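Below: one structure, written as structure tokens.
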Amino acid sequence: MSAHEQMRAMLDQLMGTARNGESDRHGVKFYDDSVCKSFLLQCCPHEILSSTRMDLGECPKIHDLALRADYEIASKTKDYFYDIDATEHLEAFIADCDRRTTAAKQRLAETQEELSAEVTEKANAVHELAEQIGQKLARAEALGEEGMVEESVKLMGEIDELRKKKAIAEQDYRNSMPASSYQQQKLRVCEVCSAYLGIHDNDRRLADHFGGKLHLGFITIREKLTELKKTVDKRREERGASERERSSGRRHYVGGRELDRRARRHRESARDRDGRHKDDRERGDKERDRTEKDRDRGDKERDRERERDRKRSRSRSRSRHENSRERSRGHDTREPRRSRSHRSSSRDHRRD
Ligand SMILES: [Zn+2]
Ligand SMILES: [Zn+2]
Numbered sequence: 001m002s003a004h005e006q007m008r009a010m011l012d013q014l015m016g017t018a019r020n021g022e023s024d025r026h027g028v029k030f031y032d033d034s035v036c037k038s039f040l041l042q043c044c045p046h047e048i049l050s051s052t053r054m055d056l057g058e059c060p061k062i063h064d065l066a067l068r069a070d071y072e073i074a075s076k077t078k079d080y081f082y083d084i085d086a087t088e089h090l091e092a093f094i095a096d097c098d099r100r101t102t103a104a105k106q107r108l109a110e111t112q113e114e115l116s117a118e119v120t121e122k123a124n125a126v127h128e129l130a131e132q133i134g135q136k137l138a139r140a141e142a143l144g145e146e147g148m149v150e151e152s153v154k155l156m157g158e159i160d161e162l163r164k165k166k167a168i169a170e171q172d173y174r175n176s177m178p179a180s181s182y183q184q185q186k187l188r189v190c191e192v193c194s195a196y197l198g199i200h201d202n203d204r205r206l207a208d209h210f211g212g213k214l215h216l217g218f219i220t221i222r223e224k225l226t227e228l229k230k231t232v233d234k235r236r237e238e239r240g241a242s243e244r245e246r247s248s249g250r251r252h253y254v255g256g257r258e259l260d261r262r263a264r265r266h267r268e269s270a271r272d273r274d275g276r277h278k279d280d281r282e283r284g285d286k287e288r289d290r291t292e293k294d295r296d297r298g299d300k301e302r303d304r305e306r307e308r309d310r311k312r313s314r315s316r317s318r319s320r321h322e323n324s325r326e327r328s329r330g331h332d333t334r335e336p337r338r339s340r341s342h343r344s345s346s347r348d349h350r351r352d
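Under UniProt numbering, the first residue of the sequence shown is numbered 1, with each subsequent residue one higher.
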């Protein structure tokens with residue numbers, strides 16, 4: 001990656017697609033079907049195994065660091081359930097690898113000279129010790145590079161012990177067969193990455209395998225899948241519940257026979273009112289106009305009246321008269337307003 005590309009990738013990671021109008025480099029949003037959801041969750045095998053011996057080539061779906069940044073921001077406030085998509089993707093990928101491992105073992109069984117059960121057991125003892133040495137050696141080297149010298153030295157001590165055990169196991173295996181047979185390379189398949197490992201592979205070669213990008217990439221993918229599978233059933237239920245909730249909300253607001261029925265009922269009742277109460281309403285409207293125009297004047301008049309009332313002795317019959325006038329005016333103004341809001345809501349339903 002050139003310095004320029006590195007800078008660009010870094011900015012994408014930090015700022016997402018909003019950066020400098022880059023929003024349509026791919027012309028998509030992170031939630032589009034064409035975007036790789038495993039990539040958004042940093043576990044797409046196409047990315048993890050790139051430039052290894054098992055490079056899968058370009059992912060059929062879009063990988064874009066800026067879209068990943070967009071998703072990371074959006075997922076803080078909304079659940080997209082992409083862990084379920086990633087689980088299904090990785091499950092299919094690992095199932096495929098395990099089929100390949102089985103096929104490779106099958107091929108070995110057909111092509112390699114068959115050993116007795118006793119000798120097979122001895123060969124496996126050598127293989128297992130060799131693998132442990134290779135794994136620990138790779139780990140010790142990684143620790144050394146990180147500057148964790150003490151841990152690294154401790155591991156080297158364990159490796160020495162394993163080497164002694166392996167030398168004994170090798171001798172045992174060698175003694176169980178003619179020298180010519182022993183010289184033949186006996187292969188076995190790595191359960192993690194399905195690569196071939198030889199019984200005569202030296203420590204260096206095994207360390208390169210177990211510390212290599214291919215084998216470690218497979219460990220990353222397998223561990224991620226194990227983690228995802230722990231919660232996937234619960235997550236599927238949650239996604240189902242959230243979809244049901246959304247669709248029931250939708251049924252309430254758009255389309256459906258229920259809505260047609262309701263809209264018809266609104267139209268009919270509005271028509272009834274139009275026919276029966278047209279004259280009443282017109283009269284009411286005029287009255288209301290008058291009332292509204294007069295209201296301010298009326299309020300002031302009433303204030304003055306109240307002022308006078310306070311000065312005079314109180315009259316109970318007068319205040320009763322005031323209250324009843326208040327009520328009847330309220331009735332006149334409320335009624336036409338309500339019927340108007342009914343008409344507008346039935347218009348809204350028809351538009352839907
Ligand atoms: Zn992908
Ligand atoms: Zn491996």
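In this text, a Cβ means the ideal position worked out from N, Cα and C, and glycines have one as well. Since the model is a prediction, treat every value here as computed from it, not as a measurement.
Kindly examine ligand 2 and report whether one of its heavy atoms sits closer than 7 Å to the Cβ of Val28.
Looking up residue 28 in the sequence shown gives position 28. No - ligand 2 has no heavy atom lying nearer than 7 Å to the Cβ of Val28.
May I ask you to report which of helix, strand or coil DSSP gives Gly134?
Numbered from its first residue, the sequence shown carries residue 134 at position 134. The answer is helix: DSSP assigns Gly134 an H, G or I state.
Looking at Ala103 and ligand 2, is the gap between the Cβ and the nearest heavy atom below 7 Å?
Working through the sequence shown from its first residue, we reach residue 103 at position 103. No - ligand 2 has no heavy atom lying nearer than 7 Å to the Cβ of Ala103.
From Ala3 to Ala66, what does the alpha carbon distance come to, in whole angstroms?
Taking the sequence shown and counting its residues from 1, one reaches residue 3 at position 3. Taking the sequence shown and counting its residues from 1, one reaches residue 66 at position 66. Distance between the alpha carbons of Ala3 and Ala66 is about 18 Å.
Would you tell me roughly how many angstroms separate the C-alpha atoms of Glu238 and Glu118, rounded to the nearest one?
Residue mapping note: residue 238 aligns to position 238 of the sequence shown, counting from 1. Residue mapping note: residue 118 aligns to position 118 of the sequence shown, counting from 1. Rounded to whole angstroms, Glu238 to Glu118 spans 52 Å at the Cα level.
Starting from Leu197 and walking both ways along the beta strand (DSSP E), at which residues does that stretch end?
Indexing the sequence shown from 1 puts residue 197 at position 197. Element bounds for Leu197: 196-198.
Compute the beta-carbon to beta-carbon distance between Cys43 and Ile221, rounded to the nearest angstrom, for a pair I have assumed lies under 8 Å.
Here residue 43 refers to the residue found at position 43 when the sequence shown is read from its first residue. Here residue 221 refers to the residue found at position 221 when the sequence shown is read from its first residue. 7 Å between Cβ atoms; contact.
I need the straight-line Cα distance from Cys36 to Arg68, nearest angstrom please.
Within the sequence shown, the letter at position 36 stands for residue 36. Within the sequence shown, the letter at position 68 stands for residue 68. Approximately 10 Å, taken between the alpha carbons.
Measuring alpha carbon to alpha carbon, tell me which of Gly147, Glu141, Glu131, Ser194 ends up nearest Arg99.
The sequence position of residue 99 within the sequence shown is 99, counting from 1. For the residues Gly147, Glu141, Glu131, Ser194, the minimum Cα distance to Arg99 belongs to Ser194.
Could you check how far apart the C-beta atoms of residue 355 and Ile199 are, in whole angstroms? I think they sit under 8 Å.
Not covered by the structure: residue 355. The range shown for the chain is 1 to 352.
Let me have the residue list for ligand 1: C-beta closer than 6 Å to any non-hydrogen atom, ordered along the chain.
Cys36, Ser38, Phe39, Cys44, His46, Cys59, Lys61, His63
Assign Leu228 to one of three DSSP states: helix, strand, or coil.
Within the sequence shown, numbered from 1, the residue matching residue 228 stands at position 228. Note: Leu228 maps to helix in three-state DSSP.
What did DSSP end up calling Val35 once you bin it into helix, strand or coil?
Here residue 35 refers to the residue found at position 35 when the sequence shown is read from its first residue. It is a strand residue.
Taking the alpha-carbon positions, what's the Phe39 to His63 distance?
In the sequence shown, the residue the question calls residue 39 occupies position 39. In the sequence shown, the residue the question calls residue 63 occupies position 63. Rounded to whole angstroms, Phe39 to His63 spans 6 Å at the Cα level.
Contacts around Gly217, its chain only, beta-carbon distance under 7 Å, and the 5 residues preceding and following it disregarded
By 1-based counting over the sequence shown, the position of residue 217 is 217. So the qualifying residues of the chain are Ile48, Leu49, Thr52.
Do Cys97 and ligand 2 come close, with the Cβ less than 7 Å from some heavy atom?
For the purposes of this step, residue 97 is taken as the residue at position 97 of the sequence shown. Checking the Cβ of Cys97 against ligand 2 gives no.
Which residue wins for smallest C-alpha separation from Ser75, given the options Leu11, Tyr31, Lys61, Ala95?
Mapped onto the sequence shown, residue 75 falls at position 75. Comparing Cα positions, the closest option is Tyr31.
Candidates Thr101, His89, Lys164: closest to Leu129 by CA position
For this step, residue 129 is matched to residue 129 along the sequence shown. If we check each option's Cα against that of Leu129, Lys164 comes out closest.
Can you tell me which of the three DSSP states Arg53 falls into?
Along the sequence shown, read from residue 1 onward, the residue named residue 53 stands at position 53. Of the three classes helix, strand and coil, the one that applies to Arg53 here is coil, per DSSP.
I'd like to know whether the C-beta atoms of Leu108 and Leu187 end up nearer to each other than 8 Å.
As a first step, residue 108 is located in the sequence shown; it is residue number 108 there, counting from the start. As a first step, residue 187 is located in the sequence shown; it is residue number 187 there, counting from the start. Yes, Cβ-Cβ distance for Leu108 and Leu187 is below 8 Å.
Chain-order list of residues whose beta-carbon lies under 8 Å from that of Asp55 (same chain, five-residue window excluded)
Within the sequence shown, residue 55 is the residue found at index 55, counting from 1. Excluding positions up to five away in sequence, the list reads Leu49.
Distance check for Lys229 and Asp85, CA to CA, integer angstroms please.
Along the sequence shown, one-based indexing puts residue 85 at 85. Along the sequence shown, one-based indexing puts residue 229 at 229. Approximately 11 Å, taken between the alpha carbons.
Which residues DSSP lists as bridging residue 357, in chain order
Lying outside 1 to 352, the shown extent of the chain, residue 357 is not represented and no answer is given.
Leaving aside the five residues before and after Tyr82 along the sequence, list all residues of the same chain whose C-beta is less than 7 Å from its C-beta, in chain order.
Position 82 of the sequence shown, counting from 1, holds the residue named residue 82. Correct list, in chain order: Lys37, Leu40, Leu41.
Contained alpha helix (DSSP H) runs [length at least 4] in the segment 88-153, N- to C-terminal order
117-145
Using only alpha-carbon positions, find the residue among Val28, Asp208, Ala104, Ile73 that is nearest to Lys61.
To locate residue 61, count along the sequence shown from 1; it is residue 61. Closest by alpha carbon: Val28.
Comparing alpha-carbon positions, which option in Ile73, Arg205, Ser152, Tyr196 lies nearest Gln106?
Numbered from 1 along the sequence shown, position 106 holds the residue referred to as residue 106. The candidate whose alpha carbon is nearest that of Gln106 is Tyr196.
Would you please state the rounded distance, in angstroms, between the beta carbons of Asp203 and Gly157? I believe it to be under 8 Å.
Translated into the one-based positions of the sequence shown, residue 203 becomes position 203. Translated into the one-based positions of the sequence shown, residue 157 becomes position 157. Contact doesn't hold; Cβ gap of about 15 Å is too wide.
Ile159 vs Ala140 beta-carbon contact at 8 Å:
Taking the sequence shown and counting its residues from 1, the one referred to as residue 159 is at position 159. Taking the sequence shown and counting its residues from 1, the one referred to as residue 140 is at position 140. Contact: yes.
Span separating the alpha-carbon of Arg235 from that of Asp79:
In the sequence shown, residue 235 corresponds to position 235, counting from 1. In the sequence shown, residue 79 corresponds to position 79, counting from 1. So the two alpha carbons sit approximately 10 Å from each other.
Got a sec? Which residues, its chain only, sit under 6 Å from Thr87 by beta carbon, not counting five neighbours each side?
As a working mapping, residue 87 is identified with position 87 in the sequence shown. Correct list, in chain order: Leu228, Val232.
Using only the heavy atoms of ligand 2, determine whether one of them is closer than 7 Å to the beta carbon of His209.
Here residue 209 corresponds to residue number 209 of the sequence shown, with the count starting at 1. Checking every heavy atom of ligand 2 against the Cβ of His209, one is found closer than 7 Å.
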